[in-house]
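In this note's numbering, the protein residues as written are 1 to 68.
#1: Rounded to the nearest angstrom, how far is the Cβ of residue 6 from that of residue 20, given a contact under 8 Å?
#2: Would you tell me roughly how many angstroms separate the C-alpha atoms of residue 30 and residue 4, rounded to the nearest one?
#3: Does the beta-carbon distance from residue 11 to residue 48 come in below 9 Å?
#4: So which of 17, 51 and 27 has the shortest CA-CA distance to residue 38?
#5: If contacts are defined as beta-carbon pairs under 8 Å, then residue 1 and residue 52 qualify, I think. What distance do you get, rounded to the angstrom?
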């Protein structure tokens, strides 16, 4: 996840919207999943950062030793 970008969030929303409109035959389960993803997109930087912290707060960085 990179820094918050309103343009990127808009791009994601448009892509999901296009997917939904272009596929009216989409299985109801998948349609509901994509509608949920669309509603769940962060609306501002504060919300985005809160989610990033929630996802990564318990993760440990792993060092990869190359060529050892």
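Virtual Cβ for every residue (Gly too), placed ideally from N, Cα, C. These figures come from a predicted structure and were not determined experimentally.
Reading off the structure:
#1: The Cβ separation is near 21 Å, so there is no contact.
#2: 27 Å
#3: no
#4: 17
#5: Residue 1 to residue 52, Cβ: 5 Å. Contact.
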